[in-house]
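Counting from 1, position 555 in the sequence shown corresponds to residue 697 in my numbering; the numbering is continuous, with no gaps. Yeah, the Cβ is synthetic: ideal placement off N, Cα and C, and Gly gets one too. Since this is a predicted model, take the numbers as computed values, not measurements.
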Amino acid sequence: MKSEAAVFLAALLLASPGAAQKFEVLLPNCCISSAAILALNPQTGQIERTLNTGAQSPYRALAYALVELKNGTLAVLNDVMTSATEENALVTFLDPATGKVNGSLALPGQAWTIAVNPQTGAVYAGYVSSGGQPLRIAEINPTTQAVIKDVNVNSAEGPLMVSPDGKRIYLEDDGAINVYSTATMTQIASIPGPDLLIGVSPDSSTVYAGSGENGYPMNSLFFIDAQTFKITRTVSVKGYLDDGYPAGAISTDGTELFINLGTSVLTVNVSTLAMQTTPMPENDQIDGIVASPNGIVYVLTYTGTGYAALLFSPASYSFTSQFELLGSDSVTASLTGSQLYLTTDSSPLSVPGPEPSGTIVRTALTGDTTGFEEPAGSYDPVDNLVFLPDNFYAIEILSGSTLQLKGFIPFTALGPNLYSHGAGYVAAFPLIDGDTTAQGQIVQFDPVSQTVTGTIALPMPSADDDGEFLQIATLGRFLYAPYYDFDNQCIISCDAKSPAGKTPANSYSSGIAVVDTDSFELVANFPLNFDSKAGFAIPSGGGFGYLSALVGNTNELIQVNLATGSQVNAVPLADTGFLVASPDGTLLYLNSGHSIDVIDVQSLSLVNSAPLAYNGMSITPDGQYLYCNADAEVDIVSTSTLQVVTVIPSQTGITTPGVPIILSR
Numbered sequence: 143m144k145s146e147a148a149v150f151l152a153a154l155l156l157a158s159p160g161a162a163q164k165f166e167v168l169l170p171n172c173c174i175s176s177a178a179i180l181a182l183n184p185q186t187g188q189i190e191r192t193l194n195t196g197a198q199s200p201y202r203a204l205a206y207a208l209v210e211l212k213n214g215t216l217a218v219l220n221d222v223m224t225s226a227t228e229e230n231a232l233v234t235f236l237d238p239a240t241g242k243v244n245g246s247l248a249l250p251g252q253a254w255t256i257a258v259n260p261q262t263g264a265v266y267a268g269y270v271s272s273g274g275q276p277l278r279i280a281e282i283n284p285t286t287q288a289v290i291k292d293v294n295v296n297s298a299e300g301p302l303m304v305s306p307d308g309k310r311i312y313l314e315d316d317g318a319i320n321v322y323s324t325a326t327m328t329q330i331a332s333i334p335g336p337d338l339l340i341g342v343s344p345d346s347s348t349v350y351a352g353s354g355e356n357g358y359p360m361n362s363l364f365f366i367d368a369q370t371f372k373i374t375r376t377v378s379v380k381g382y383l384d385d386g387y388p389a390g391a392i393s394t395d396g397t398e399l400f401i402n403l404g405t406s407v408l409t410v411n412v413s414t415l416a417m418q419t420t421p422m423p424e425n426d427q428i429d430g431i432v433a434s435p436n437g438i439v440y441v442l443t444y445t446g447t448g449y450a451a452l453l454f455s456p457a458s459y460s461f462t463s464q465f466e467l468l469g470s471d472s473v474t475a476s477l478t479g480s481q482l483y484l485t486t487d488s489s490p491l492s493v494p495g496p497e498p499s500g501t502i503v504r505t506a507l508t509g510d511t512t513g514f515e516e517p518a519g520s521y522d523p524v525d526n527l528v529f530l531p532d533n534f535y536a537i538e539i540l541s542g543s544t545l546q547l548k549g550f551i552p553f554t555a556l557g558p559n560l561y562s563h564g565a566g567y568v569a570a571f572p573l574i575d576g577d578t579t580a581q582g583q584i585v586q587f588d589p590v591s592q593t594v595t596g597t598i599a600l601p602m603p604s605a606d607d608d609g610e611f612l613q614i615a616t617l618g619r620f621l622y623a624p625y626y627d628f629d630n631q632c633i634i635s636c637d638a639k640s641p642a643g644k645t646p647a648n649s650y651s652s653g654i655a656v657v658d659t660d661s662f663e664l665v666a667n668f669p670l671n672f673d674s675k676a677g678f679a680i681p682s683g684g685g686f687g688y689l690s691a692l693v694g695n696t697n698e699l700i701q702v703n704l705a706t707g708s709q710v711n712a713v714p715l716a717d718t719g720f721l722v723a724s725p726d727g728t729l730l731y732l733n734s735g736h737s738i739d740v741i742d743v744q745s746l747s748l749v750n751s752a753p754l755a756y757n758g759m760s761i762t763p764d765g766q767y768l769y770c771n772a773d774a775e776v777d778i779v780s781t782s783t784l785q786v787v788t789v790i791p792s793q794t795g796i797t798t799p800g801v802p803i804i805l806s807r
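Here it is as structure tokens:
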């Protein structure tokens, strides 16, 4: 490591706080739940647009599935919680070019599936009626957006396929394929044996299906005559059909089937019955297969680092490329193949009016960021970008101006404790307990190319899988990351461990790692004796950092010299928690989950306190207000009186707002 005195000299020459600046406050996961879909580039998977489907709820709204109509309109099936226990299947009609929702229709039950009649244009929305069974299909006129028929159906809640001639609906059932007439919406046949739908030939004459049980071998492929409803051919395939949703796909020209064999793709020529098996990379499990009209076959999977689409070439029977998917593998190709649509969990972002207004002046949507009530997101004022960790252990990247989702970087192998900090840095710990190879890391990423550009392992036991962060902060070009290993008994130095022990020399279970963000290298490690996750703040103008942490059996506020790492002072606290500093550097605000305590930086004495319990908080650049997130609301608290002046209800009912983020303007 470099000389500490030389390294930190520039950082300690801090300028005084500047003039008041314009800003906005961003409220993650607040204040009303809305459903969204993502429009992706079909070759690269790049997120091109976030489209609000028009479904919203005080509880939860989720885009479940979609189909594209001939005029380009998207019919989206949303699952909407109307209360804490009731839900509706809401069909909305969305123009993807303008983002305008041109109508909707609610069905009383849980969303199941959706399809379109390629001839009549009728939309078939499947839903589970309130109270459970039976399953129902509503036939909808997309022009009038009225229900034509609404019928009970016999199905195992699998895919709904409409024949290309528009005359038949095929449904999976337990041990059978059931056939419905689109003219009458009544069942006209049941074909026993096959129960896994793969596809229907372009001329509608043949249905392709497989079997997973009921006395038939699990490696059976069936050809079914669509006129007589008889099985005309049974073919044994090289593997066992997986009950995907659906179990495979058919090429646009109808010459080939792409069948899900669990960890491989089976390509079958329907004329010659020639077969070719292509194993998945890393033996990953296939979740679904989508054949696009542009000739690309997308094989959907979970790779261990996140959801992904692998592009499969039928000509070479090989995978040509792949891209990550945000939070889901529910992919639909447009009728031309020029666009992919991803239905995934979404979370709201809200911007209230000028302080201390509780009026929401604009909103946006992200992936699923629920559950991150602890500090997580950040803002990069240089590139005007917002970074938000989500529930799929990715960092989502949003425009600070439009709040549109620009992309994401998966960090599944490093999470779940993902905390971003401006300018493209992530602090992370291993996802899986018992991982004796991974350890806490600071990861640098490029938000433009959305790639990881560097990784630094924290100077703690390499076998540690129980580390945690609470807050990270910067001073000048240096990033400070307090870390803590909550089950390692080696508190200060691990030199005494045996050579066969779990921890190497010069490793610590708690401390502050210091990273030079210019060179991206670890330049110092300050071993400190604390026994809990640490709130951490660096007030302007003094060159000291302050930790709120448990030390032994005592809660303490620890003053640390950021040039040497030495502990300068420590005072007892009633409790520990989240820390923020006033913009002028004179006060610290401690949010313990039981109260907000105000501490004078010079004397480290308590100057004010109020019994207000929150999960986290942010202070406005003018120092006048704290925006504090609670379980069901965001409160605006006056720093001068510690009184709540405005309450912003989260209105998401079953979720918790994230820590507010300040966006400079």
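If you draw a straight line from the C-alpha of residue i to the C-alpha of residue j, how long is it?
i, j, result
"Q427", "P284", "37 Å"
"S809", "F529", "This structure does not reach residue 809, given that the chain is present from 143 up to 807, and the question cannot be answered."
"P159", "D726", "Low confidence applies here, because P159 scores a pLDDT of 45, under 50, leaving its location unreliable; read the following figure in that light. Roughly 6 Å between the two C-alpha positions."
"S806", "G519", "15 Å"
"L468", "E210", "21 Å"
"T394", "A623", "53 Å"
"T579", "M327", "Summary for T579: the model assigns pLDDT 47, below 50, so the residue's position carries little reliability; its value from the coordinates is reported in the next sentence. Each residue's Cα considered, the two are about 58 Å apart."
"N259", "S541", "38 Å"
"A205", "G495", "28 Å"
"T420", "T445", "16 Å"
"Y322", "I340", "17 Å"
"R375", "A389", "18 Å"
"L302", "A231", "16 Å"
"L692", "Y266", "58 Å"
"V412", "A257", "25 Å"
"L452", "L408", "15 Å"
"A178", "D487", "8 Å"
"L664", "V585", "12 Å"
"N356", "V342", "Its pLDDT being 48, under 50, N356 is placed unreliably in this model, and the value from its coordinates should be taken loosely. Approximately 22 Å between the Cα atoms of the pair."
"P435", "S455", "13 Å"
"L399", "A264", "26 Å"
"P250", "E229", "7 Å"
"A506", "Y521", "16 Å"
"V789", "T501", "10 Å"
Using 8 Å for Cβ pairs, my map puts residue i next to residue j. What's the rounded Cβ distance?
i, j, result
"L236", "L169", "At roughly 25 Å, the Cβ-Cβ gap does not stay under 8 Å, so L236 and L169 are not in contact."
"E497", "I778", "7 Å"
"F686", "V657", "At roughly 18 Å, the Cβ-Cβ gap does not stay under 8 Å, so F686 and V657 are not in contact."
"A253", "D221", "4 Å"
"G808", "I373", "The requested residue 808 does not occur in the structure, where the chain is confined to residues 143 to 807."
"Y815", "F550", "Residue 815 falls outside the range modelled here, since the chain spans only 143 to 807, and no answer is possible."
"R278", "S271", "5 Å"
If you follow the beta strand (DSSP E) that residue i is part of, which residue opens it and which one closes it?
i, result
"T414", "Segment: none, T414 is in no beta strand (DSSP E) and carries neither H nor E."
"P523", "First-last for P523: undefined, no H or E at that position."
"I614", "Premise fails: I614 is in no beta strand (DSSP E) and is neither H nor E."
"Q583", "Q583 to D588"
"C770", "Y767 to N771"
"K242", "K242 to L249"
"V464", "For the sequence presented, residue 464 should be read as Gln rather than Val. Residues S460 to L467."
"V167", "F165 to P170"
"L313", "R310 to D315"
"G596", "T593 to A599"
"M94", "Nothing in the structure corresponds to residue 94, since the chain is present only between 143 and 807."
"S489", "S489 to P494"
"V789", "V786 to P791"
"E497", "That residue, E497, is in no beta strand (DSSP E); it is neither H nor E in DSSP."
"Y440", "V439 to Y444"
"V304", "L302 to V304"
"P431", "The amino acid occupying residue 431 in the given sequence is Ile; Pro does not appear at that position. I428 to A433 is the extent of the beta strand (DSSP E) around I431."
Exercise for the section: Mind listing, in chain order, the continuous beta strand (DSSP E) runs of no fewer than 3 residues lying wholly within the stretch 646 to 714? Expected result: 652 to 658, 663 to 669, 677 to 679, 686 to 693, 696 to 703 and 709 to 714
Exercise for the section: Could you pull out every unbroken beta strand (DSSP E) segment of at least 3 residues lying fully inside the stretch 194 to 237, listed in chain order? Expected result: 202 to 210, 216 to 223 and 229 to 237
Practice task
Tell me the start and end of each unbroken beta strand (DSSP E) in the stretch 332 to 407 that is at least 3 residues and wholly inside, in chain order.
Solution key: 338 to 342, 348 to 352, 362 to 367, 373 to 378, 390 to 392 and 398 to 402
Practice task
Please confirm if the stretch 190 to 206 is in contact with the stretch 242 to 249, defined as three or more CB-CB distances below 8 Å between the two stretches.
Solution key: yes
Problem - Three CB pairs or more closer than 8 Å across the stretch 584 to 600 and the stretch 673 to 683 - result: no
Exercise for the section: Determine contact between the stretch 460 to 477 and the stretch 728 to 748, defined as no fewer than three beta-carbon pairs at a distance below 8 Å. Expected result: no
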